[in-house]
Amino acid sequence: MRELSYCENPFVYRRRKTREVKVGNVGVGGNNPIRVQSMITCDTMDTDASIQQTIELANVGCEIVRITAPTVKDSRN
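With this note's numbering applied, the sequence shown closes on residue 85, and no number is skipped along the way.
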């Protein structure tokens, strides 16, 4: 097994001390629990599909959903 500089032992769990940041109203890092996050995979110009994927992710426990807007046109949609 290769050596992992961030993990002394992959079989013994130990959290590193971090600072809290907010993603909306969700705290990440610090003393917060580990958060489940994902990203939608559909074309962001397809609003209905974007909403559907976001709802599906939330329904299975995803707390943070990332959506890209690669162009200004996408961001206006």
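Just so it is clear, CB atoms sit at the ideal spot from N, CA and C, and this is done for glycine as well. These numbers were taken from a predicted model, which means no experiment stands behind them.
Query                                                                                                                  : Result
CA nearest to the CA of residue 25, picked from 44, 84, 39 and 18                                                      : 39
At least 3 beta-carbon pairs within less than 8 Å: the segment 66-79 vs the segment 38-54                              : yes
Nearest neighbour of residue 32, chosen from 53, 84 and 72 [CA to CA]                                                  : 72
Close-in-space but distant-in-sequence residues of the same chain around residue 16 (CB under 8 Å, 5 per side omitted) : 22
Pair within 7 Å by beta-carbon distance, residue 29 and residue 36                                                     : yes
For residue 19 and residue 53, the rounded distance between their alpha carbons                                        : 43 Å
Residue from 55, 59 and 62 with nearest C-alpha to residue 84                                                          : 55
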